[in-house]
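Asks:
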Amino acid sequence: MTDQDTAVADVNGLDWDYSPAPERTRPEIASTYGLFIDGVFQPAQDERTFVTTNPATGARLARVAQAGAADVDLAMQAAKNAARPWARLSGRQRGKYLFRLARRIQECARELAVLETMDGGKPIKESRDVDLPLVAAHFFYHAGWADKLEWAFQGRPVKPHGVCGQIIPWNFPLLMAAWKLAPALACGNTVVLKPAETTPLTALHLAQLLQEIDLPPGVVNIVTGDGETGAAVAAHPALSKLAFTGSTEVGKALMRQTASRDIPLTLELGGKSPHIIFADAAMEQAIEGVVNGIWFNQGHVCCAGSRLLVEESILEPFVAALRDRMAQLRVGDPLDKNTDIGAINSREQLERIRTLVRLGQEEGAILHDVQTGPLPGKGWWFPPCFFTGVQPSHVVAREEIFGPVLSVMSFRTPEEAIRRANSTPYGLAAGIWTDKGSKIFDMAQRLEAGVVWCNTYNQFDPASPFGGVKESGFGREGGLHGLRAYVRGVDR
Ligand code: NAD
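Read left to right, the sequence shown gives residues 1378 to 1869 (this note's numbering).
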């Protein structure tokens, strides 16, 4: 074993060797990346760049162009020029481009998965087995819709908006790009996409695939940069529709910004989703669901089941089983196929998690953290953990932590579970675990959440709409509901 391998074993407190299984595929990463505007890569006009790093090592991966207002203007003009010819193509033709793209993504899936893991820090088994298959599935699904829109919106003329601005976060970089691009293109819109500043690389490699499939120039433009770039996209006069996935704070700012211009807006925002476990639930399945709900992608999931509500009569055994299961999770090299918990996406996010966890302890909640060994020396790491003794007023019960931190509470009656679950400004998702179908239907109707999973969690399908209520946003992505956002006249 190398030192690094030993470290991985140590991190997990194992007293036996676990053979490392590092991913061998290595994508070609250029030293610099330009903006993708009008079908070609080009530097920012003022030549500004920023560095994107591997959060598992802190090593620099590439320099990426930082788009300013002038670059966004170029991208918007390119999208505007491409809008009419793209909309006039038959649905069948647009569908062919999407099918071609989906197949290229499948062919490059391994490289893209590795790149996603290197740029974002998530375990390779997630980017390989969850993100990339879903990315391809989204393009396949929407390719299928492109020539059937008249059936989707019967009796109404199907007209695209024109130029769509799409701003996405860092937790599922390529998947969020697919969720946004696929329906927009299928419905005949053109796009200016703004990836997150810490994870721009897979979107830029997607741009290379767009060149390979001969997508007409200007139909998709990708402008990299930070909030300044996103703000320039949202403020541009050529914008006809804005779709945003990210924090509630920025979502609210965009709502204010677009309100005066009557720009249709969809917002997929934050969450503090509850997982409700009844005493009659299948315990082992529920434990796996909770593990998947909070520790998938280091808890960097908008719909993470970050509040666990357990029926009081089983609280003790459930917490003990959860603790045992948590001890088996392997934290370490995200490129190792055995790794369960990868790196935290950025230093800023790590600081935010640490601050909220400290506040939780100061408020009197009890932290359970069974990772006994040291975390890797380089990069940004936070072990999986959970709090017990949590009061609904505690900061860890209210604030979105967006890290591998679970808050455990209890309830005595279904009414109390509903009251606690709904006592949050958010309303993205919820999970119910019980043996009784009637209880599921009753609870699901009363939960204030856009998505309710029953005896499962974190299941995604392109045909199934996803989105929130309350401060988790509005509008849906996926399925027929998701298409509506990209067709004029049926989107509100
Ligand atoms: P963020 O809001 O800081 O950033 C999201 C995107 O917006 C990034 O591309 C960023 O550069 C851009 N941005 C920042 N300031 C902007 C501004 N003033 N104007 C325009 N664009 C701006 O969020 P984040 O930290 O990247 O992502 C984490 C958040 O995203 C969490 O709250 C999470 O719950 C949420 N999220 C929600 C969903 C969902 O489907 N509901 C999915 C993924 C993430």
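Ideal placement from N, C-alpha and C gives every residue a C-beta, glycine not left out. These numbers were taken from a predicted model, which means no experiment stands behind them.
Hey, does Ala1698 have any beta-carbon neighbour from chain B nearer than 9 Å?
Replies: The structure shown contains no chain B; it is built from a single protein chain.
Asks: Can you tell which of Ile1544, Arg1487, Arg1440, Ala1479 has the C-alpha that lies nearest to the C-alpha of Val1449?
Replies: Counting from 1 along the sequence shown, the entry for residue 1449 is found at position 72. The shortest C-alpha separation from Val1449 is found at Ile1544.
Asks: Select from Val1441, Arg1465, Asn1598 the residue whose C-alpha is nearest the C-alpha of Asp1415.
Replies: Counting from one through the sequence shown, the residue named residue 1415 turns up at place 38. Nearest option by C-alpha distance: Asn1598.
Asks: May I have the straight-line CA-CA distance separating Arg1729 from Ile1482, to the nearest angstrom?
Replies: Stepping through the sequence shown from its first residue, residue 1729 is reached at position 352. Stepping through the sequence shown from its first residue, residue 1482 is reached at position 105. Roughly 34 Å separates the two Cα atoms.
Asks: So, for Asp1382: in the same chain, excluding its five sequence neighbours on each side, which residues have a beta-carbon less than 6 Å away from its beta-carbon?
Replies: Reading the sequence shown from its first residue, position 5 is the one you call residue 1382. Per-residue confidence for Asp1382 stands at a pLDDT of 49, beneath the threshold of 50, marking its modelled position as unreliable; no derived number is given.
Asks: What is the DSSP secondary structure of Ile1654, reduced to helix, strand or coil?
Replies: Position 277 of the sequence shown, counting from 1, holds the residue named residue 1654. Ile1654 falls in the strand class under three-state DSSP.
Asks: For Gly1855, collect the residues of the same chain with a Cβ closer than 6 Å to its Cβ; drop the 5 residues on either side in sequence, then sort them by chain order.
Replies: Taking the sequence shown and counting its residues from 1, one reaches residue 1855 at position 478. Answer for Gly1855: Pro1839, Ser1841, Pro1842, Phe1843, listed in chain order.
Asks: Less than 8 Å between the CB atoms is what I'm expecting for Val1782 and Ala1742, so what's the real figure, rounded?
Replies: Here residue 1782 is taken as the residue at index 405 of the sequence shown, counted from 1. Here residue 1742 is taken as the residue at index 365 of the sequence shown, counted from 1. About 10 Å separates the two Cβ atoms, so there is no contact after all.
Asks: Going by alpha carbons, who is nearest to Ala1421 out of Gly1737, Val1829, Trp1830, Gly1602?
Replies: Numbered from its first residue, the sequence shown carries residue 1421 at position 44. Closest by alpha carbon: Gly1602.
Asks: To the nearest angstrom, report how far apart Pro1577 and Val1441 are at their CA atoms.
Replies: Position 200 of the sequence shown, counted from the first residue, corresponds to residue 1577. Position 64 of the sequence shown, counted from the first residue, corresponds to residue 1441. Their backbone Cα atoms lie some 8 Å apart in a straight line.
Asks: Please indicate yes or no: does the CB of Cys1541 lie closer than 8 Å to some heavy atom of ligand 1?
Replies: By one-based count along the sequence shown, residue 1541 stands at place 164. Every heavy atom of ligand 1 is 8 Å or more from the Cβ of Cys1541, so no.
Asks: DSSP three-state label for Asp1603, please.
Replies: Taking the sequence shown and counting its residues from 1, one reaches residue 1603 at position 226. Note: Asp1603 maps to coil in three-state DSSP.
Asks: I need the straight-line Cα distance from Gln1705 to Ile1795, nearest angstrom please.
Replies: Position 328 of the sequence shown, counting from 1, holds the residue named residue 1705. Position 418 of the sequence shown, counting from 1, holds the residue named residue 1795. Those two C-alpha atoms are separated by around 31 Å.
Asks: May I ask you to check if the CB of Ala1398 is nearer than 8 Å to at least one heavy atom of ligand 1?
Replies: Numbered from 1 along the sequence shown, position 21 holds the residue referred to as residue 1398. Answer for Ala1398: no, Cβ out of range of ligand 1.
Asks: What do you reckon, is the C-beta of Gln1836 under 8 Å from a heavy atom of ligand 1?
Replies: Locating residue 1836 in the sequence shown gives position 459, counting from the first residue. Flag unset: Cβ of Gln1836 not near ligand 1.
Asks: Please report the residue range of the alpha helix (DSSP H) in which Ser1815 lies.
Replies: Taking the sequence shown and counting its residues from 1, the one referred to as residue 1815 is at position 438. It spans 1814–1823 - the alpha helix (DSSP H) in which Ser1815 sits, taken as one unbroken run.
Asks: Here's the rule I'm using: 16 or more other beta-carbon atoms within 10 Å means buried, otherwise exposed. How should Gln1836 be labelled?
Replies: Counting from 1 along the sequence shown, the entry for residue 1836 is found at position 459. Exposed: under 16 other Cβ atoms inside 10 Å.
Asks: Between which two residues does the alpha helix (DSSP H) carrying Lys1457 extend?
Replies: Reading the sequence shown from its first residue, position 80 is the one you call residue 1457. 1446–1465 is the extent of the alpha helix (DSSP H) around Lys1457.
Asks: List the endpoints of the continuous alpha helix (DSSP H) containing Ile1664.
Replies: The residue given as residue 1664 occupies position 287 in the sequence shown. From DSSP, the alpha helix (DSSP H) with Ile1664 extends over 1660–1672.
Asks: By alpha-carbon positions, which one of Phe1788, Val1846, Val1667, Asn1799 ends up nearest to Val1762?
Replies: Residue mapping note: residue 1762 aligns to position 385 of the sequence shown, counting from 1. The sequence as given places Cys at residue 1762; Val does not occur at that position. The residue with the shortest Cα to Cα distance from Cys1762 is Val1667.
Asks: Check the DSSP bridge columns for Gly1808 and list the partner residues they point to.
Replies: For the purposes of this step, residue 1808 is identified with residue 431 of the sequence shown, where counting begins at 1. The partner list for Gly1808 (beta bridge, DSSP) reads His1652, Trp1830.
Asks: Is Pro1500 near Ile1718, with beta carbons less than 9 Å apart?
Replies: Counting from 1 along the sequence shown, the entry for residue 1500 is found at position 123. Counting from 1 along the sequence shown, the entry for residue 1718 is found at position 341. A contact, by the Cβ cut-off of 9 Å.
Asks: Could you compute how far the alpha carbon of Asn1669 sits from the alpha carbon of Asp1423?
Replies: Counting from 1 along the sequence shown, the entry for residue 1669 is found at position 292. Counting from 1 along the sequence shown, the entry for residue 1423 is found at position 46. Each residue's alpha carbon lies about 44 Å from the other.
Asks: Please identify the residue among Val1535, Ser1504, Thr1575, Asp1591 whose C-alpha is closest to the C-alpha of Leu1489.
Replies: Translated into the one-based positions of the sequence shown, residue 1489 becomes position 112. Minimum Cα distance to Leu1489 is reached at Ser1504.
Asks: To which residues of the same chain is Met1820 closer than 6 Å at the C-beta, ignoring the five residues directly before and after it?
Replies: Stepping through the sequence shown from its first residue, residue 1820 is reached at position 443. These residues qualify, in order along the chain: Ile1809.
Asks: Hey, out of Asp1812, Gly1859, Trp1830, Thr1643, whose CA is closest to Ser1337's CA?
Replies: This structure does not reach residue 1337, given that the chain is present from 1378 up to 1869, and the question cannot be answered.
Asks: Thinking just about the alpha-carbon of each residue, which of Leu1492, Phe1413, Thr1409 is nearest to the one in Pro1711?
Replies: Along the sequence shown, read from residue 1 onward, the residue named residue 1711 stands at position 334. It is Leu1492.
Asks: If you measure between the beta carbons of Val1828 and Ala1807, is that distance less than 9 Å?
Replies: In the sequence shown, the residue the question calls residue 1828 occupies position 451. In the sequence shown, the residue the question calls residue 1807 occupies position 430. Closer than 9 Å, so yes.
Asks: Would DSSP call Thr1429 helix, strand or coil?
Replies: Numbered from 1 along the sequence shown, position 52 holds the residue referred to as residue 1429. Strand, per DSSP.
Asks: Taking the straight line between their C-alpha atoms, what separation do you get for Pro1550 and Asp1508?
Replies: Against the sequence shown, residue 1550 aligns to sequence position 173. Against the sequence shown, residue 1508 aligns to sequence position 131. So the two alpha carbons sit approximately 9 Å from each other.
Asks: On the premise that Ala1513 lies in contact with Ala1563, defined as a C-beta separation below 8 Å, what is that separation, rounded to the nearest angstrom?
Replies: Counting from one through the sequence shown, the residue named residue 1563 turns up at place 186. Counting from one through the sequence shown, the residue named residue 1513 turns up at place 136. Actually they do not touch by this definition, with Cβ atoms about 15 Å apart.
Asks: DSSP three-state call for Val1772: helix, strand or coil?
Replies: Locating residue 1772 in the sequence shown gives position 395, counting from the first residue. Residue state, collapsed to three classes: helix.
Asks: Give every residue of the same chain whose Cβ lies closer than 6 Å to the Cβ of Thr1606, excluding the five residues on either side of it in the sequence, and list them in chain order.
Replies: Residue numbering aside, residue 1606 sits at position 229 when the sequence shown is read from its first letter. Once the five neighbours on either side are set aside, the close Cβ partners of Thr1606 are Ala1444, Lys1571, Val1600.
Asks: Bridge partners of Ser1784, per DSSP?
Replies: Here residue 1784 refers to the residue found at position 407 when the sequence shown is read from its first residue. Note: Ser1784 sits in a beta bridge opposite Arg1684, Phe1764.
Asks: Assuming Pro1339 and Gly1623 are in contact, meaning their beta carbons sit under 8 Å apart, how far apart are those beta carbons, in whole angstroms?
Replies: Residue 1339 is absent from the structure shown; the chain starts at 1378 and stops at 1869.
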